[in-house]
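Here the structure is laid out as structure tokens; the discussion comes afterwards.
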Amino acid sequence: MSSSPVPLGGPQNVEADLAEVGRALAEAQWAPDAGAAVTTSDLSLDEILLLHSVGLEPVEVAFGVGCTSVAFGVWQWGMGTVVDARQAFASALATAKSSLRGRAHQVGAVGVVGVDVQVDMRPHVCTVVMTGTAVRAVLDERSHSRFRVKYHSSFLCDLSARDFVVLANAGWYPLDLVAGASYVQAPRRAMGDAVRQSTQNVELSNFTQTLYQAREEAMADLQRGIEQVGGTGLLDAKILDRPVPFARHVVELVVYGTAVKMLAAEHQHPDISLVVPVDDRVRAFEATSLRTGGAE
Amino acid sequence: MSAPEPVQAFSSGLTTPDFMASLSMGLRPLGLVQGYYFAQVSSWSAYSGYPVRNYPCACYEVGMHQTGWLGRVDDLDRLWTGAHATALGRMLDEAAALGAAGVVGVTTDMSHPTNENSCEVHVYGTAVAVPGARPGGRPWSTQLAGQKLAKLVEIGFVPTSVAYARCTAMLVEGCNMEYYGSGRSGTGNVVQPLQDAHELARAGAIEAARALAAGASLYGVTMWLDEAERYGGSYLTCSLRGSLVRRARSVAPAAPPVATVNLGP
Amino acid sequence: MTNLPSDLPEGAGARLAELEHGLFTSDLSVNEFLLVKQLGFHPLGLVMGSSIYHIGLQKRSWGSSQELTTLTSAMYNARELAMNRMEEEADQLGADGVVGVRLDVNFYEWGHGSAEFIAIGTAVKAEDGRSYRNRLGKPFTSDLSGQDFWALAQTGYMPQALVMGTCVYHIAHRGLGQAISQLGQNQELANFTQAMYDARELAMKRMQDEASNLSAAGVVGMRLEEKSHQWGEHTIEFLSIGTAVAPRQDFDGTPPPRPTAVISFDN
Chain A
672 MSSSPVPLGG
682 PQNVEADLAE
692 VGRALAEAQW
702 APDAGAAVTT
712 SDLSLDEILL
722 LHSVGLEPVE
732 VAFGVGCTSV
742 AFGVWQWGMG
752 TVVDARQAFA
762 SALATAKSSL
772 RGRAHQVGAV
782 GVVGVDVQVD
792 MRPHVCTVVM
802 TGTAVRAVLD
812 ERSHSRFRVK
822 YHSSFLCDLS
832 ARDFVVLANA
842 GWYPLDLVAG
852 ASYVQAPRRA
862 MGDAVRQSTQ
872 NVELSNFTQT
882 LYQAREEAMA
892 DLQRGIEQVG
902 GTGLLDAKIL
912 DRPVPFARHV
922 VELVVYGTAV
932 KMLAAEHQHP
942 DISLVVPVDD
952 RVRAFEATSL
962 RTGGAE
Chain B
46 MSAPEPVQAF
56 SSGLTTPDFM
66 ASLSMGLRPL
76 GLVQGYYFAQ
86 VSSWSAYSGY
96 PVRNYPCACY
106 EVGMHQTGWL
116 GRVDDLDRLW
126 TGAHATALGR
136 MLDEAAALGA
146 AGVVGVTTDM
156 SHPTNENSCE
166 VHVYGTAVAV
176 PGARPGGRPW
186 STQLAGQKLA
196 KLVEIGFVPT
206 SVAYARCTAM
216 LVEGCNMEYY
226 GSGRSGTGNV
236 VQPLQDAHEL
246 ARAGAIEAAR
256 ALAAGASLYG
266 VTMWLDEAER
276 YGGSYLTCSL
286 RGSLVRRARS
296 VAPAAPPVAT
306 VNLGP
Chain C
26 MTNLPSDLPE
36 GAGARLAELE
46 HGLFTSDLSV
56 NEFLLVKQLG
66 FHPLGLVMGS
76 SIYHIGLQKR
86 SWGSSQELTT
96 LTSAMYNARE
106 LAMNRMEEEA
116 DQLGADGVVG
126 VRLDVNFYEW
136 GHGSAEFIAI
146 GTAVKAEDGR
156 SYRNRLGKPF
166 TSDLSGQDFW
176 ALAQTGYMPQ
186 ALVMGTCVYH
196 IAHRGLGQAI
206 SQLGQNQELA
216 NFTQAMYDAR
226 ELAMKRMQDE
236 ASNLSAAGVV
246 GMRLEEKSHQ
256 WGEHTIEFLS
266 IGTAVAPRQD
276 FDGTPPPRPT
286 AVISFDN
């Protein structure tokens, strides 16, 4: 095998290509190392290929953690939003993000893709953990970056590497992870009301107002986040909606996603074709599928 | 496609498509190979390590009052990574005895990484012969098989070995650690001991993986964190698992993907 | 933003006002986003509606199959309230429609006989300035994914509204004597069959009535969901839900592109 770049999917001679794959494996123990780059990556091979097509390669699995305190006594029965919990979440998020950015910066990355976000609220501490793959620009023969976009600080996105590439081809780029949260206590009904209403169909307007309002607040936080990072929009919003495990009367609502911005002059419309999968349970192997690079 | 004649009956853990793919690449399955390691975990191990940091408490101005102690339990980590290396070595010995060039589709089963009493690792895969391979080398191993292995080679990598790395941090809580962790009460302050424990475990595992890689790259990584409470402390174990690969040649960028809409169910 | 409908929470006003200035939020995936853009729509923002509804009690008679009208109307009205509020939010944004609508029901431990009904979707607006609202002048709503929405548009149809019908039905228990006399026999339990049949018919008919009120050409992506929620196994809600569609006025009659047959090799 030559060490100069070989285009993928070049010759149509499948048999010859496969034989080459076999030869490479035969020599695997003795193959000279062509690149000294040390990387750890949780991306699939297809994702690595796709990233390479926009001039990026994985450097390292990167993470960020934020553990922040929640004051005593905020979970007691009361009314409305648990402001302290929302505040603790916001600072845990900020800490986790800057810790993730710091690590990405250390390894010379342009940004972090496929960030997984975990939120763990406990009585006195809120923990936010982010894990993703830091990616850096591939350099061409003249040491110019193959990745065309310049970022002031590394981007963070919870989009997969695949989504990142598809989006980049349409002219949009991710900026930052943004999130909003609210913790709201269910209001109590007066005993008299509860008895009177037990057989009726009736909307509990104060309940609706409280929860609806809390959701609006979380989304408003999310939107403020997008504006702060200069984004024009947010894609693939994830909504976590669940009771807090140790205080079941409190509903936790977390909304997060990736703020994006169009950096091309205009939206690039991809050509879309319709396909009908004709797969059955049995899947055969055919070498030509190597050429499609795993694109859906 | 001409399948190489198997000289004797073989056993294989490969799926049919992966088997076909292996034959197409000229790999000849030789048989299932495995390695196993079982050890008892001494309760002393849970304390054997070194202190990293301690956190004086803000609520007492004098005395030895602490918010928390953070340590690294490297004895446990050595036991587990050693167990994986031994089991893997035994599997490769079996493969070498069959005359294999490598082992594909390697699966690793482990008892829970924070298990108190025992440490158990089972590594198994399908040994393959490659025509034209120079005899005598240590067989390579990879989690990949079939199509994905072909893809790996096609994008310029060759497999080296499967790998497992980990790091355990131990945090002993002192006075109201969660609350006074930052030396201040209230909301929104960083709880330093917990923050440091999380970072120590993860950064340590990545560092260990890098040491293990020795110049190679680790791909297809799964990274996870296990928490356990025992002996009065919290144990945070971060584990990393993947395939070590080396770049054998560079490739030009792939063509951009084609957008399609799938009409299937 | 002075004319905010009175049943939306105060927070909605400020949030929606921000969205009017070009910012968008969306739970569309990247693929869906690109397909919606391809059709000439731009996402405006996540819109939602919520209603916490106390569901009344109704006496069920042990041995007879019947519709529980109180429960039916509760399940229907509460969803309708949530949907209407979502449409009002979309209306505030000047949207042409809402795509990817999800309707969820949450039962909370503190709820005691009440449930939260939520509708969430992404409001979209046509970039060419034409109106794609439905025949009632409201933004269209649809639970189709971005992919299905795109494929539907290729055939010359546009969504009109998410239509639904529901029926909560109590299915009679068998009497002891009857159960004993049928012991050991393989036979159809005609009263069970009949009850389930009736309930489904009612739910589907109600959905179809909604669709014909919109003078829709048909309903696509219809699902029939059967859930007991918290009422025990003999009381079942049959929910029939789908997207009513009508021909596009601007459709030029181009047949949809011929699909290519593919076998995917990913595993």
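Chains as they are written, first to last, in the working numbering: chain A, 672 to 967; chain B, 46 to 310; chain C, 26 to 292. Virtual Cβ for every residue (Gly too), placed ideally from N, Cα, C.
Helix, strand or coil, according to DSSP, for residue i in the structure here?
{"i": "residue 107 of chain B", "result": "Confidence at residue 107 of chain B is low in this model, with a pLDDT of 47, below 50, so the placement of that residue is unreliable and no value is reported for it."}
{"i": "residue 191 of chain B", "result": "helix"}
{"i": "residue 939 of chain A", "result": "coil"}
{"i": "residue 872 of chain A", "result": "coil"}
{"i": "residue 100 of chain B", "result": "strand"}
{"i": "residue 114 of chain B", "result": "strand"}
{"i": "residue 929 of chain A", "result": "strand"}
{"i": "residue 232 of chain B", "result": "coil"}
{"i": "residue 202 of chain B", "result": "strand"}
{"i": "residue 707 of chain A", "result": "Only weak support exists for where residue 707 of chain A lies, its pLDDT of 48 falling under 50; the value from the coordinates is given anyway. In the structure shown, residue 707 of chain A sits in coil (DSSP, three-state: anything other than H, G, I, E or B)."}
{"i": "residue 835 of chain A", "result": "helix"}
{"i": "residue 890 of chain A", "result": "helix"}
{"i": "residue 191 of chain C", "result": "strand"}
Pop quiz: residue i and residue j are said to be a contact at Cβ under 8 Å. What is the actual Cβ separation, rounded to whole angstroms?
{"i": "residue 189 of chain C", "j": "residue 237 of chain C", "result": "Not really, about 14 Å apart at Cβ, beyond 8 Å."}
{"i": "residue 262 of chain C", "j": "residue 218 of chain C", "result": "Incorrect: roughly 19 Å between the Cβ atoms, too far for contact."}
{"i": "residue 898 of chain A", "j": "residue 48 of chain C", "result": "6 Å"}
{"i": "residue 254 of chain B", "j": "residue 210 of chain B", "result": "4 Å"}
{"i": "residue 185 of chain C", "j": "residue 241 of chain C", "result": "5 Å"}
Going by Cα to Cα distance, which pick from the options is closest to residue i?
{"i": "residue 278 of chain C", "options": "C/207, C/202, C/181 and C/55", "result": "C/181"}
{"i": "residue 42 of chain C", "options": "A/789, A/891 and A/923", "result": "A/891"}
{"i": "residue 132 of chain B", "options": "B/270, B/99, B/166 and B/264", "result": "B/166"}
{"i": "residue 100 of chain B", "options": "B/255, B/252, B/237 and B/274", "result": "B/237"}
{"i": "residue 74 of chain B", "options": "B/91, B/140 and B/128", "result": "B/140"}
{"i": "residue 157 of chain B", "options": "B/277, B/271 and B/275", "result": "B/271"}
{"i": "residue 188 of chain B", "options": "B/147, B/199 and B/219", "result": "B/147"}
{"i": "residue 245 of chain C", "options": "C/232, C/254, C/253 and C/256", "result": "C/232"}
{"i": "residue 911 of chain A", "options": "C/197, C/268, C/145 and C/250", "result": "C/145"}
{"i": "residue 275 of chain B", "options": "B/79, B/96 and B/159", "result": "B/159"}
{"i": "residue 213 of chain B", "options": "B/173, B/145 and B/244", "result": "B/244"}
{"i": "residue 193 of chain C", "options": "C/140, C/225, C/148 and C/269", "result": "C/225"}
{"i": "residue 927 of chain A", "options": "A/769, A/872 and A/801", "result": "A/801"}
Any beta carbon of chain F sitting closer than 8 Å to that of residue i?
{"i": "residue 166 of chain B", "result": "No chain F is part of this structure, whose protein chains are labelled A, B and C."}
Would you mind telling me which residues of chain A sit closer than 9 Å to residue i, beta carbon to beta carbon, in chain order?
{"i": "residue 128 of chain C", "result": "The contacting residues do not exist; residue 128 of chain C stays about 14 Å from chain A at best."}
{"i": "residue 285 of chain C", "result": "944, 945, 946 and 947"}
{"i": "residue 276 of chain C", "result": "The premise fails here: residue 276 of chain C is roughly 17 Å from chain A at the closest Cβ pair, so nothing lies under 9 Å."}
List the residues of chain A that residue i touches, going by C-beta distances under 8 Å, in chain order.
{"i": "residue 49 of chain C", "result": "903, 904 and 905"}
{"i": "residue 236 of chain C", "result": "By Cβ distance, chain A contributes nothing, its closest Cβ being about 25 Å from residue 236 of chain C, past 8 Å."}
Under the rule that 16 or more other beta-carbon atoms within 10 Å means buried, what is residue i, buried or exposed?
{"i": "residue 161 of chain C", "result": "exposed"}
{"i": "residue 723 of chain A", "result": "buried"}
{"i": "residue 824 of chain A", "result": "exposed"}
{"i": "residue 46 of chain C", "result": "exposed"}
{"i": "residue 7 of chain C", "result": "Here chain C has residues from 26 to 292 only, and residue 7 of chain C is not among them."}
{"i": "residue 201 of chain C", "result": "exposed"}
{"i": "residue 707 of chain A", "result": "Residue placement at residue 707 of chain A is flagged as unreliable, the pLDDT there being 48, under the threshold of 50; the coordinate-derived value follows with that caveat. Its Cβ having fewer than 16 others within 10 Å, residue 707 of chain A is exposed."}
{"i": "residue 107 of chain B", "result": "Annotation note: pLDDT 47 at residue 107 of chain B (below 50); position unreliable, no value reported."}
{"i": "residue 940 of chain A", "result": "exposed"}
{"i": "residue 713 of chain A", "result": "buried"}
{"i": "residue 83 of chain B", "result": "exposed"}
{"i": "residue 197 of chain B", "result": "buried"}
{"i": "residue 73 of chain C", "result": "buried"}
{"i": "residue 905 of chain A", "result": "buried"}
At a CB-CB cut-off below 8 Å, which residues of chain C make contact with residue i?
{"i": "residue 914 of chain A", "result": "133 and 134"}
Cβ closer than 7 Å: which chain A residues qualify as neighbours of residue i?
{"i": "residue 40 of chain C", "result": "887, 890, 891 and 894"}
{"i": "residue 204 of chain B", "result": "699"}
{"i": "residue 141 of chain C", "result": "882"}
Under 9 Å Cβ-Cβ, which residues of chain C neighbour residue i?
{"i": "residue 884 of chain A", "result": "34, 35, 36 and 37"}
Can you name the residues of chain C whose CB is closer than 7 Å to the CB of residue i?
{"i": "residue 719 of chain A", "result": "Per Cβ cutoff of 7 Å: no residues; residue 719 of chain A is ~15 Å from chain C at best."}
{"i": "residue 879 of chain A", "result": "75, 76 and 77"}
Using a Cβ cut-off of 8 Å, pull out every chain B residue sitting near residue i, in sequence order please.
{"i": "residue 249 of chain C", "result": "Within chain B, no residue comes near residue 249 of chain C; the closest Cβ sits about 17 Å away, beyond 8 Å."}
{"i": "residue 780 of chain A", "result": "The contacting residues do not exist; residue 780 of chain A stays about 14 Å from chain B at best."}
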